[in-house]
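Engineer:
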Amino acid sequence: KAIPYSAFAFEGVAVVMPLRLIVEDQANFMKLVACVVSGICAFYIIFGEWENLAYGSSMKDNVLITDALPATSPVTYTLKSLYTVNLFFSYPMMMTPAVNLIEGFIFQAGQKPTTSRYWMQNLLRTCVVAFTIALALSVYSYISLFIEVISAATCSPLAFTLPALFHY
50 KAIPYSAFAF
60 EGVAVVMPLR
70 LIVEDQANFM
80 KLVACVVSGI
90 CAFYIIFGEW
100 ENLAYGSSMK
110 DNVLITDALP
120 ATSPVTYTLK
130 SLYTVNLFFS
140 YPMMMTPAVN
150 LIEGFIFQAG
160 QKPTTSRYWM
170 QNLLRTCVVA
180 FTIALALSVY
190 SYISLFIEVI
200 SAATCSPLAF
210 TLPALFHY
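For the sequence shown, this note's numbering assigns the number 50 to the initial residue and increments by one for each residue that follows.
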């Protein structure tokens with residue numbers, strides 16, 4: 050599952066197309082995209098192998114890796130720390146396209162930054178975070194299935210878009 054999840058983690062169609070138009074070095078953009086997706090894929094593979102080292106065959110019955118964590122293992126503490134760091138740094142990156150899209154509908158593009166706009170943006174971003182937390186809690190028991198459905202829905206368009214984009 051590392052390859053479709055790595056493409057999903059890069060946010061594929063929603064991010065790749067607009068980024069290509071705004072990057073400074075457009076000539077090397079495809080090389081950079083390939084490196085980023087390959088790097089994310091490698092991290093997912095390494096993370097999965099580390100998980101196998103930590104849990105072994107006991108993961109079959111658990112939906113989330115946190116459900117199978119032994120209480121006091123150095124491998125467990127390392128895994129929890131790495132996962133937390135990953136979530137902490139990747140969440141804002143993953144939410145930026147959605148927040149920009151939502152803010153584009155609410156706020157005018159040429160509008161000057163004011164204190165009220167600043168606080169409205171903060172409120173909007175807080176609501177987006179609260180929504181994602183509520184969504185995660187509501188699908189917790191089906192999180193594996195939920196991620197697979199989202200991954201399949203976003204990776205299918207990527208299967209047609211990225212090869213053509215790389216060829217171009």
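C-beta atoms are modelled at their ideal positions from N, C-alpha and C, and glycine is treated no differently.
Distance, Cα to Cα, Leu-173 vs Met-142?
Structural biologist: In the sequence shown, the residue the question calls residue 173 occupies position 124. In the sequence shown, the residue the question calls residue 142 occupies position 93. Answer to the nearest angstrom: the Cα atoms are 16 Å apart.
Engineer: Tell me which residues share the same chain as Ala-185 and place their Cβ nearer than 8 Å to its Cβ, disregarding the 5 neighbours each side in the sequence.
Structural biologist: In the sequence shown, counting from the first residue as 1, residue 185 sits at position 136. Only Ile-192 meet the Cβ criterion.
Engineer: Give me, in chain order, the residues of the same chain whose beta-carbon lies closer than 7 Å to that of Val-188; leave out the 5 immediate sequence neighbours on both sides.
Structural biologist: Position 139 of the sequence shown, counted from the first residue, corresponds to residue 188. The residues are Phe-195.
Engineer: Which stretch, first to last residue, makes up the alpha helix (DSSP H) that contains Ala-147?
Structural biologist: Counted from its first residue, the sequence shown places residue 147 at position 98. Per DSSP, Ala-147 belongs to the alpha helix (DSSP H) from 123-155.
Engineer: Would you call the region 164-173 and the region 130-145 in contact, with 3 or more CB pairs under 8 Å?
Structural biologist: No: the two stretches stay apart, fewer than three of their Cβ pairs being nearer than 8 Å.
Engineer: With hydrogens ignored, establish whether the beta-carbon of Ala-91 is closer than 8 Å to any heavy atom of the ligand GDP.
Structural biologist: The ligand GDP is absent from the structure shown, which contains no ligands of any kind.
Engineer: So what's Lys-161 in DSSP terms, helix, strand or just coil?
Structural biologist: For the purposes of this step, residue 161 is taken as the residue at position 112 of the sequence shown. Three-state DSSP puts Lys-161 in coil, outside helix and strand.
Engineer: Could you compute how far the alpha carbon of Thr-145 sits from the alpha carbon of Leu-214?
Structural biologist: Taking the sequence shown and counting its residues from 1, the one referred to as residue 145 is at position 96. Taking the sequence shown and counting its residues from 1, the one referred to as residue 214 is at position 165. About 23 Å.
Engineer: Ignore the nearest five residues each way along the sequence and tell me which others in Leu-150's own chain have a CB closer than 7 Å to its CB.
Structural biologist: Mapped onto the sequence shown, residue 150 falls at position 101. Nothing listed; no residue qualifies.
Engineer: Between Val-82 and Ala-103, which are expected to be in contact by the criterion C-beta below 8 Å, what is the C-beta distance as a whole number of angstroms?
Structural biologist: Counted from its first residue, the sequence shown places residue 82 at position 33. Counted from its first residue, the sequence shown places residue 103 at position 54. Contact flag wrong, Cβ pair sits at about 31 Å.
Engineer: Which of helix, strand or coil does DSSP assign to Val-188?
Structural biologist: Counted from its first residue, the sequence shown places residue 188 at position 139. Looking at Val-188 - three-state DSSP - the assignment turns out to be coil, as it is neither helix nor strand.
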